[in-house]
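Enquirer: Note that this note's numbering has the sequence shown beginning at 568, numbered continuously upward. A virtual CB, placed ideally from N, CA and C, is assigned to each residue, including glycine.
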Amino acid sequence: MKNSSKQDLKPVAIFLSITLTLSSIFYFLIIYSGKIGGGQGLFATGLMWCPGVSALITMKILNRNISELGWKWGKTKYQVWSYLIPIIYVFITYLIIWFFGWGGFYNKEFVNGLTKSFGLGEIGDGATIALYVFLLGTFGMIGSAAHTLGEEIGWRGFLVPELFKKYGFTKTALISGFIWGVWHLPILLFADYNSGIPSWYALSCFMVLIVSMGFVYTWFRMKSGSLWTAVILHATHNLFVQGVFTALTVDMGNTAYYFDEFGIVMPLIAIGFAIYYSNKRNELKPVPIII
């Protein structure tokens, strides 16, 4: 009988094959429309759920119990930190950008639009921003998590634990992060999933960011035994990068080279977080999966 740590990669191959097949449908739709928001955003939603659907199909093919994907909540402290960590590294990123003048704070036009949409009169820009961040960071998490759950059932629910059995922490973080990044490339290169800067630059920054984040996501997934840590990490990242900090930043001409997921600053900050969690890898048990 094979030891679990020596299992072959057939399950991973099945999962990735199905993911690519399903994703190709939505790659086509997004690229043909030219916009990540094509189909009222439903093309992107479909794409984000391809890894999750693929994981469920793979579990069925392998005759495995889907409870192995890590559905239980685990210790709440890991979920709390999963919420806070993206806010911390995104906040650091944009403080640097605003401090050095690579982007301006704050986008008055965006805030005026918020004030108008709230319909609360002239409550002040600070109060408007605070109310928006509160609502987005609470109720907005529901919608964001519904999208990221589709990815995370696949990437951290199935792929990361499967790789971890054979490779341990560091290789699992690198491999899963690389696969996660490459999965985004068709829409980055052939649609508008970038900041309008040269593709080679956006691609380089994005891949460094995604692979670095893979270390954080892998550590929390394997430490907690719960895929919900990854769902929350991913949902919070998307909300605060796209919905808050990028939206509040004024374009100073070359800002796209510094901010968002395709600029240079966030990947550099993410490397620091990757190193930190890599140094904590000895805290992980072989396969701490809650079932």
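Quick one: using the 10 Å Cβ neighbour count with 16 as the cut-off for buried, is Ala790 buried or exposed?
Expert: Sequence index remark: in the sequence shown, residue 790 carries index 223 (1-based). The residue you asked about is not Ala; residue 790 is Lys in the sequence shown. Label assigned to Lys790: buried.
Enquirer: Which residues in the same chain have their Cβ closer than 6 Å to the Cβ of Ala712, if we skip the five residues on either side of it in sequence?
Expert: In the sequence shown, counting from the first residue as 1, residue 712 sits at position 145. Counting only Cβ-Cβ distances below 6 Å, and skipping sequence neighbours, we find Val798 and Ala802.
Enquirer: So the candidates are Gly680, Gly707 and Phe706; which of them puts its Cα closest to the Cα of Thr695?
Expert: Along the sequence shown, read from residue 1 onward, the residue named residue 695 stands at position 128. If we check each option's Cα against that of Thr695, Gly680 comes out closest.
Enquirer: Would a C-beta distance cut-off of 7 Å place Phe840 and Tyr656 closer than the cut-off?
Expert: Walking along the sequence shown from the start, residue 840 turns up at place 273. Walking along the sequence shown from the start, residue 656 turns up at place 89. Yes, Cβ-Cβ distance for Phe840 and Tyr656 is below 7 Å.
Enquirer: Ignore the nearest five residues each way along the sequence and tell me which others in Ser771's own chain have a CB closer than 8 Å to its CB.
Expert: Counted from its first residue, the sequence shown places residue 771 at position 204. For Ser771, where only same-chain residues beyond five positions count, there are no Cβ hits under 8 Å.
Enquirer: Using alpha carbons as the reference points, say which of Ile720, Ile603 and Phe595 lies closest to Gly619.
Expert: Position 52 of the sequence shown holds residue 619. Closest option to Gly619, Cα to Cα, is Ile720.
Enquirer: So is Val647 buried or exposed if we call it buried at 16+ other beta carbons inside 10 Å?
Expert: What you label residue 647 is simply residue 80 of the sequence shown in a count that begins at 1. Val647 should be labelled exposed.
Enquirer: What is the rounded straight-line gap between the Cα of Arg631 and the Cα of His751?
Expert: Along the sequence shown, one-based indexing puts residue 631 at 64. Along the sequence shown, one-based indexing puts residue 751 at 184. When rounded, the distance between both Cα atoms is 28 Å.
Enquirer: What's the gap between the Cα of Cys617 and the Cα of Ser600?
Expert: Against the sequence shown, residue 617 aligns to sequence position 50. Against the sequence shown, residue 600 aligns to sequence position 33. Their Cα atoms are separated by approximately 19 Å.
Enquirer: In the DSSP assignment, what residue or residues form a beta bridge with Asp818?
Expert: Sequence index remark: in the sequence shown, residue 818 carries index 251 (1-based). Answer is Gly670.
Enquirer: In the structure shown, what three-state DSSP assignment does Lys733 receive?
Expert: On the sequence shown, residue 733 is found 166 positions in, with the first residue counted as 1. In the structure shown, Lys733 sits in a helix (DSSP, three-state: H, G or I).
Enquirer: Let me know the secondary structure DSSP gives Ala697 once reduced to three states.
Expert: On the sequence shown, position 130 is the one that residue 697 refers to. Helix at Ala697.
Enquirer: Our contact map puts Gly901 next to Leu741 with C-beta atoms below 8 Å; I'd like the distance itself, whole angstroms only.
Expert: As displayed, the chain neither begins before 568 nor continues past 858, which places residue 901 out of reach and without an answer.
Enquirer: Out of Lys577, Ile842, Asp818 and Leu623, which one is the CA nearest neighbour of Val778?
Expert: On the sequence shown, residue 778 is found 211 positions in, with the first residue counted as 1. When only C-alpha atoms are compared, the closest one is Ile842.
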